[in-house]
Each structure stands twice: as structure tokens, then as C-alpha cells.
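Sequential numbering from 9 applies to the sequence shown in my numbering.
For every residue, glycine included, the Cβ atom is placed at its ideal position computed from N, Cα and C.
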Amino acid sequence: MPFVTLDGQPLHYIDQGTGPAVLLAGSYLWDQAMWAPQIAALSQHYRVIALDLWGHGESGPLPAGTTSLDDVARQALALLDHLDIDRVTLVGLSVGGMWGVRLALSAPQRLNGLVLMDTYVGVEPEPTRQYYFSLFKMIEETGVIAPQLLDIVVPIFFRPGIDPQSALYQDFRAKLAALPAERLRESIVPMGRITFGRDDLLPRLGELDAASTLVICGDQDKPRPPSEAQEMAQLIGCPCVLVPEAGHISNLENPAFVTETLLKFLGERSLKTA
């Protein structure tokens, strides 16, 4: 499995296929395996890189000194440098979109395109921020995501109508339940505080290239509702696509629709950059 050492820690990523580069950046509490349907399809035509966030999947702990999403964006650029990739289309879902926008603003010359999925770059609404921080405190103190917390956390990621006995739901719940105390305290909780304590980038969205940006959102996303996606798309001046029958992890709840949307966007970008 490929790793690169960044800021003293091993970052795990996968690198599959050939062609124009696509970087997949996933959600908090999920690893790169969340992109499996998209990796299978996109890697037929593109070089697909998908990374594990610090403390997630096979990646090492959050490096000392990583205190903001700007640091995560800088580390992702270092990964691209390591792979000798000059330009990439970045597809960022949830926190992947939050740091993806920071990468796009700091290094616009490195992007062919930007897809922002089920994400929001404004500040977290204060009641939600305080609520999430209270959950982090409980996890930090107990060193476990207890069953009663799983009952709260797991449904956040899916559309309200999902079958809680489905493999998608149960596998995610089991992964969270199995997270060791050290990983929770060293990486997961601090990464959560960085994510939900982020600063406001809405005033800078107008600096993005509207012609090479797309916003996508599950039509039943609860933590990042379509209204937020539409607000961002309006500020950027780019299209906004709603994914039918999908919640926060829209690429897994309606993989065929999301994959088709991404392939169409990537195809249009390839024609324009050829």
C-alpha cells in the first residue's frame, strides 16, 4: 500500500488508473474505501488518487502542528508534489470539500476542476458546533463511541429512509464502534474540532473559477442541507446538482447517479483543457 510521510506521519493513499489526475477527498469518519464505486468507474479513464484523512483508514495520527484545514490542504498539495502531479481535478465530499476549497484558493494553478459535494465552507452554525463539541468531549473522556452515541452519530450520514439493517449502515456503525481509544483521542476528536471549528470562507467563493466548479448535494442531506449547497453555488456562480434519494454520503447512497455526474463533468473538463 502506498504511503508518503508528511509532517512526520505516514499518509495512506491509493493511486489507480492512468490519464488526467483526479483526487478524491472524503468525509470525516470515513476512509478512502467510501469511494469504491467511483474509483472502479473513474479509473477506467483517469488516474484516481484517494487519500485517508489523518487517523482514518491506514493513515497515521494527526501530525503535531496540524491545527487547521489549511494545514490539511497544504499536506494534500505535498502529496501531489510527491506524485509529480501538476494539475488535478479535486472532488471533495464534506470535510474533503472544506479543505479542498482552501487548496483551490491557495494554489488555483494546480486545479483543472473542483467538485464540492455535501459540504459547506461557511462557519458551522453555533448551536451545531457546540453540540458536536459536546460529543467530542464525551468521546475523549470515555475513549469510545458508545452505543448510545452511535445511535446519534450514524444516522447523521444517511437519508432518513435508509434501512438501518443495510450493509452500508451496519458496516459504518461497526467501524466506528471498533475505533481504538488512542486513535479517537489523538486524531479523530482533534480532526473533528478542526473541521467544525473552521473559519468562514463564503466571502472568498467568488475567487473560484465558476466555469470549472460544480456543487453536488444529496437531496436529503441532513448535516449539509441542499440550501447550503445552493448558497455556495450562487456565490461561486456555478451549477448545483441535487442527488436523488441520497443523504450526506451521497456517492454511496446513489452511486450510479454520482458517478455519471462526475464522468460528465470530467469529460467536459478534459475537452476544455485539451
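Contact test: residue 160 Cβ vs the ligand MN heavy atom, cutoff 8 Å: Among the components of this structure there are no ligands whatsoever, and the ligand MN is therefore not found.
Identified DSSP bridge partners for residue 64: DSSP, once it has assigned bridges, lists no residue as partnering residue 64.
For residue 47, the nearest candidate out of 281, 279, 187, 266 (CA to CA): 266
Separation of residue 19 from residue 75, as counted between CA atoms: 17 Å
Backbone CA spacing between residue 33 and residue 23 [nearest angstrom]: 13 Å
Run of the alpha helix (DSSP H) containing residue 193, from where it starts to where it stops: Where residue 193 is concerned, there is no enclosing alpha helix (DSSP H), given that its DSSP letter is neither H nor E.
Sub-9 Å separation of residue 103 and residue 36 beta-carbons: yes
C-beta atoms of residue 105 and residue 220 nearer than 9 Å: no
C-beta atoms of residue 17 and residue 68 nearer than 9 Å: yes
Between the CA atoms of residue 232 and residue 130 - distance to the nearest angstrom: 11 Å
Close beta carbons around residue 110, own chain, < 6 Å, minus the five adjacent residues each side: 77, 78, 81
Selection from 53, 40, 44, 51 that minimises the alpha carbon distance to residue 66: 40
Any 3 or more C-beta pairs closer than 8 Å across the segment 249-260 and the segment 141-154: no
At least 3 beta-carbon pairs within less than 8 Å: the segment 238-252 vs the segment 205-225: yes
Validate contact between the segment 202-215 and the segment 176-184 using beta carbons, cut 8 Å, 3 pairs: no
Residue 58: first and last residue of the uninterrupted beta strand (DSSP E) it sits in: 55-59
Residue 199 vs residue 43 beta-carbon contact at 9 Å: no
Nonlocal neighbours in the same chain, by C-beta distance under 8 Å from residue 195, ignoring five residues either side: 62, 63, 64, 69, 70
Straight-line Cα distance separating residue 174 from residue 157: 19 Å
Coil, strand or helix - residue 117 by DSSP: helix
Span of the alpha helix (DSSP H) around residue 100: Note, residue 100: premise wrong, no alpha helix (DSSP H); beta strand (DSSP E) at 96-101.
Three-state class that DSSP yields for residue 78 in the structure shown: helix
Member of 155, 213, 167 whose CA lies at the smallest distance from the CA of residue 186: 155
Alpha carbon of residue 2 to alpha carbon of residue 27, nearest angstrom: One cannot answer for residue 2 here, as it falls past the ends of the chain, which runs 9 to 282.
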